[in-house]
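Each remark here refers to the structure printed beneath this line.
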Amino acid sequence: MGVKSLWTLLEPVGRPVPLETMEGKIMAIDSSIWIYQFQATMRDKEGRGLVNAHVVGFLRRICKLLFYGIKPVFVFDGGAPTLKKSTITERKSKKSGAAASHAKIAERLLAAQMRREALTHVSQLRTCTRHDLLLYSSYSS
Numbered sequence: 001m002g003v004k005s006l007w008t009l010l011e012p013v014g015r016p017v018p019l020e021t022m023e024g025k026i027m028a029i030d031s032s033i034w035i036y037q038f039q040a041t042m043r044d045k046e047g048r049g050l051v052n053a054h055v056v057g058f059l060r061r062i063c064k065l066l067f068y069g070i071k072p073v074f075v076f077d078g079g080a081p082t083l084k085k086s087t088i089t090e091r092k093s094k095k096s097g098a099a100a101s102h103a104k105i106a107e108r109l110l111a112a113q114m115r116r117e118a119l120t121h122v123s124q125l126r127t128c129t130r131h132d133l134l135l136y137s138s139y140s141s
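FYI, full-length UniProt numbering numbers position 125 of the sequence shown as 125, with every residue one higher than the one before it.
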């Protein structure tokens with residue numbers, strides 16, 4: 001959600017505030033922005049995104065705020081950021097692909113089981129028929 005054009009409205013009066021001056025204050029934090037920042041910027045030596053970068057980033061920033069005596073209040077407001085939306089879409093795609101794959105595998109397993117049962121049944125019929133023929137031939141001699 002958010003407030004449309006909030007930063008444009010606040011820009012003329014906004015100013016940087018040193019954290020040391022915020023001791024004993026409560027600070028509201030837009031959690032979505034933090035998550036986006038950590039996922040977009042925290043990389044390993046090869047440039048790949050870090051696993052759980054948002055957790056590491058949150059922990060570091062929370063420690064810094066607590067060091068300065070600031071009490072953080074985390075706000076989760078509005079829809080998912082663009083980065084998260086693409087992640088959600090990717091997860092849905094993988095999930096539906098996996099479901100389709102599982103259905104195909106289940107179908108193959110069922111077909112294999114049915115073939116095995118049919119072969120076992122035919123084999124038993126053949127054995128039974130041969131046995132019956134032998135019994136019949138022994139009685140008729």
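All C-beta atoms, glycine included, are put in the ideal place defined by N, C-alpha and C. A quick note: this is a predicted structure, and the numbers were derived from the prediction, not measured.
Could you work out which residue in the options is closest to residue i when comparing CA atoms only?
i     : options                       : result
Ser31 : Gly69, Val51 and Val75        : Val75
Asp77 : Ile29, Ala40, Gly69 and Phe38 : Ile29
Ala17 : Tyr68, Ala40, Gln39 and Gly47 : Per the sequence shown, residue 17 should be read as Val rather than Ala. Selected option, being the one with the closest Cα: Tyr68.
Gly57 : Leu66, Thr41 and Leu10        : Thr41
For residue i, name the three-state secondary structure that DSSP assigns.
i     : result
Gly24 : coil
Phe76 : coil
Arg43 : strand
Lys71 : strand
Gly14 : coil
Met1  : Confidence in Met1 is poor, its pLDDT being 47 and thus under 50, which makes the residue's placement unreliable; the coordinate value appears in the next sentence. DSSP places Met1 in coil when its eight states are reduced to three.
Is the distance from the Cβ of residue i to the Cβ of residue j below 8 Å?
i     : j     : result
Met22 : Pro72 : no
Trp34 : Arg61 : yes
Gly49 : Gln37 : no
Since I believe residue j is in contact with residue i (beta carbons under 8 Å), could you give me their beta-carbon distance rounded to a whole number of angstroms?
i     : j     : result
Lys25 : Ile70 : 6 Å
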